[in-house]
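Sequential numbering of the sequence shown, starting at 1, is according to full-length UniProt numbering.
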Amino acid sequence: MPAGTLYRGREGMWSWVAHRVTGVLIFFFLFVHVLDTALVRVSPEAYDDVVATYKTPLVALMEYGLSAAVLFHALNGLRIIAVDFWSKGPRYQKQMLWSAVGLWLVLMLGAIYPLLGHAARELFGS
C-alpha cells in the first residue's frame, strides 16, 4: 500500500466505534439483567445468591463502567442527532464531540463517590 493512503481514523471514526461498542455492552447488560430477574421465578434462593454477588466491589466497578457506557452512548447519540438534523451540524461535529467527551468526563468524575464509595469503604474500611 502506498504511503499516505492508509486510513488512520480521526475523531469521527473513533466516536462511531465507541458508540457501537457502548451499544453492544448496554445490550449485553440488559440481556443478563432480564435473565437474572427471570431467575426469581425459577428459584428464589438462586436469585438471592446472584443478587448477593452483585454487592461485591468488582461488580460496583462494573456498574461504574456500565454508567460510563450509558452516559457516553447518550451524549454521543445527542451529538449524532445534532449532526443529522442541524444544518450546521456537520461543520461543528468535531467541536460537539469534544464537548460531549468533556461533559462525559466531568459527570463521570462526579459519579465516582456515589457509585464507588461503598466499594471503597468495603475494601479499605471507613
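Glycine included, every Cβ here is placed at the ideal spot set by N, Cα and C.
Note that the structure is predicted; figures quoted are calculated from it, not measured.
Sequence-distant residues of the same chain with beta carbon closer than 8 Å to residue i, five excluded per side
i, result
"G117", "none"
"L61", "L116, A119"
"M1", "Residue placement at M1 cannot be trusted, given a pLDDT of 49 that sits under 50; what the coordinates show is reported in the next sentence. Taken in chain order, the list of residues that qualify is empty."
"G89", "A82, V83, M96"
Enclosing alpha helix (DSSP H) for residue i [first to last residue]
i, result
"A74", "57 to 85"
"K94", "93 to 110"
"S15", "11 to 42"
Candidates the options, of which the one nearest residue i by Cα
i, options, result
"A74", "V32, W14, H19, L105", "H19"
"S67", "S126, I112, R121, F124", "I112"
"H33", "P44, V50, S43, V17", "V50"
"G125", "R41, R91, P57", "P57"
Contacting residues, own chain, Cβ-Cβ under 6 Å from residue i (five flanking each side not counted)
i, result
"E11", "K94, L97"
Cβ-based neighbour list, residue i, same chain, cut-off 7 Å, excluding 5 preceding and 5 following
i, result
"A69", "T22, L25, I26"
"S43", "none"
"V40", "Y47"
"V59", "T53"
"E63", "L115"
"S15", "N76, L97"
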